[in-house]
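One structure is given here, and the rest of the page talks about it.
Numbering (our numbering), first residue to last: 960 to 1209.
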């Protein structure tokens, strides 16, 4: 797959699936523009990318962006277009699951945080990206396998990610006529810094046990699907909700 000369934006790029996506696109010669709220993670990533460039023509940029704040997102995307002259694709990865607990125990703040980050954040990014994209561009939104198999403790996350898939399908229909593709990837349980902590083990372990392959996914396994959907190899794929779940939903 040819990524040289392409410019991609990736949210949540300092860790987990976002980080794996950045590194994969970079290793294939793409220019990558990365946002995250984790400034320390972004600084480390800058060092790693500088040491592993594969093409003189490729470049990268990083920005501290909270995807819940429209002005920050708009300024970031506008800056990419101003610097590179285009935006060929975007992977909207930034998000975080619920911290457990039954629905009746969730607070208003819990709701605002989860919907704000996992749904409103994707909306903010898609709105800015679509305004800056032309024919042949592609958006990949990261949803979750919990949209097809309920997981106790993930009520707000499930609602938000279901909304992401609805946004994906509507945008694919709206922007298909101008040649922009929009797809979702729904990861199964994936080993990321957010989930690989002791306090979430009671939530995580049942998901691993319910996965046909009987293990975590690694972030790199999700990144490969995201990179494919961003590429011209997926030129007729749009409006898809792609499960990459190791058999969790079967």
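All C-beta atoms in this analysis are idealised placements derived from N, C-alpha and C, irrespective of residue type, glycine included.
For my contact list, residue i and residue j are in at a C-beta cut-off of 8 Å; report their separation, rounded to the angstrom.
{"i": "residue 1055", "j": "residue 1076", "result": "6 Å"}
{"i": "residue 990", "j": "residue 1019", "result": "7 Å"}
{"i": "residue 976", "j": "residue 1151", "result": "7 Å"}
{"i": "residue 1083", "j": "residue 1032", "result": "5 Å"}
{"i": "residue 1146", "j": "residue 1203", "result": "6 Å"}
{"i": "residue 1101", "j": "residue 1142", "result": "Rounded, the Cβ-Cβ distance is 10 Å, inconsistent with contact."}
{"i": "residue 1080", "j": "residue 1027", "result": "5 Å"}
{"i": "residue 972", "j": "residue 1017", "result": "With 8 Å as the limit, residue 972 and residue 1017 do not qualify as a contact, their Cβ atoms being about 15 Å apart."}
{"i": "residue 1073", "j": "residue 1008", "result": "Rounded, the Cβ-Cβ distance is 31 Å, inconsistent with contact."}
{"i": "residue 1148", "j": "residue 1184", "result": "With 8 Å as the limit, residue 1148 and residue 1184 do not qualify as a contact, their Cβ atoms being about 15 Å apart."}
{"i": "residue 1188", "j": "residue 1117", "result": "The Cβ separation is near 22 Å, so there is no contact."}
Of all the CB atoms in chain B, is at least one closer than 8 Å to the CB of residue i?
{"i": "residue 1113", "result": "Of the chains in the structure shown, none is chain B; there is only one protein chain."}
Quick check on the burial criterion: 16 or more other C-beta atoms within 10 angstroms. Buried or exposed for residue i?
{"i": "residue 936", "result": "In the structure displayed, the chain extends from 960 to 1209; residue 936 sits before or after that span and is not available."}
{"i": "residue 978", "result": "buried"}
{"i": "residue 995", "result": "buried"}
{"i": "residue 1161", "result": "exposed"}
{"i": "residue 1095", "result": "exposed"}
{"i": "residue 1002", "result": "exposed"}
{"i": "residue 1209", "result": "exposed"}
{"i": "residue 1206", "result": "exposed"}
{"i": "residue 954", "result": "Lying before the first or after the last residue shown, residue 954 is absent from the chain, which here runs from 960 to 1209."}
{"i": "residue 1129", "result": "exposed"}
{"i": "residue 983", "result": "buried"}
{"i": "residue 1062", "result": "exposed"}
{"i": "residue 963", "result": "exposed"}
{"i": "residue 961", "result": "exposed"}
{"i": "residue 1042", "result": "exposed"}
{"i": "residue 1166", "result": "buried"}
Does the beta carbon of residue i fall short of 7 Å from some heavy atom of the ligand SAM?
{"i": "residue 1088", "result": "No copy of the ligand SAM occurs in the structure displayed, which carries no ligand at all."}
In terms of DSSP beta bridges, what is residue i paired with?
{"i": "residue 967", "result": "991, 1048"}
{"i": "residue 1022", "result": "994"}
{"i": "residue 1202", "result": "1145"}
{"i": "residue 1140", "result": "1097"}
{"i": "residue 1034", "result": "Partner(s): none; residue 1034 has no beta bridge."}
{"i": "residue 1176", "result": "1149"}
Check: Is it true that the region 1030 to 1050 meets the region 1091 to 1106, where meeting means three or more beta-carbon pairs spaced less than 8 Å apart?
Finding: yes
Notebook entry, point to check: Would you call the region 1007 to 1021 and the region 1059 to 1069 in contact, with 3 or more CB pairs under 8 Å?
Noted result: For the pair of segments examined, the region 1007 to 1021 was found not to touch the region 1059 to 1069: the number of CB pairs separated by less than 8 Å stays below three.
Next item on the list: Check whether the region 1124 to 1144 touches the region 1170 to 1178, taking contact to mean three or more Cβ pairs, one atom from each stretch, closer than 8 Å.
Entry: no
Margin query: Does the contact criterion of 3 or more C-beta pairs under 8 Å hold for the region 1116 to 1127 versus the region 1177 to 1194?
Written below: no
Notebook entry, point to check: Between the region 1106 to 1113 and the region 1044 to 1060, are three or more C-beta pairs nearer than 8 Å?
Noted result: With the cut-off at 8 Å, the region 1106 to 1113 and the region 1044 to 1060 touch.
Margin query: Three Cβ pairs or more, each shorter than 8 Å: is that satisfied between the region 1040 to 1050 and the region 963 to 971?
Written below: yes
Item checked: Any alpha helix (DSSP H) of 4 or more consecutive residues that is wholly inside the region 1064 to 1092 -> 1067 to 1074, 1080 to 1090
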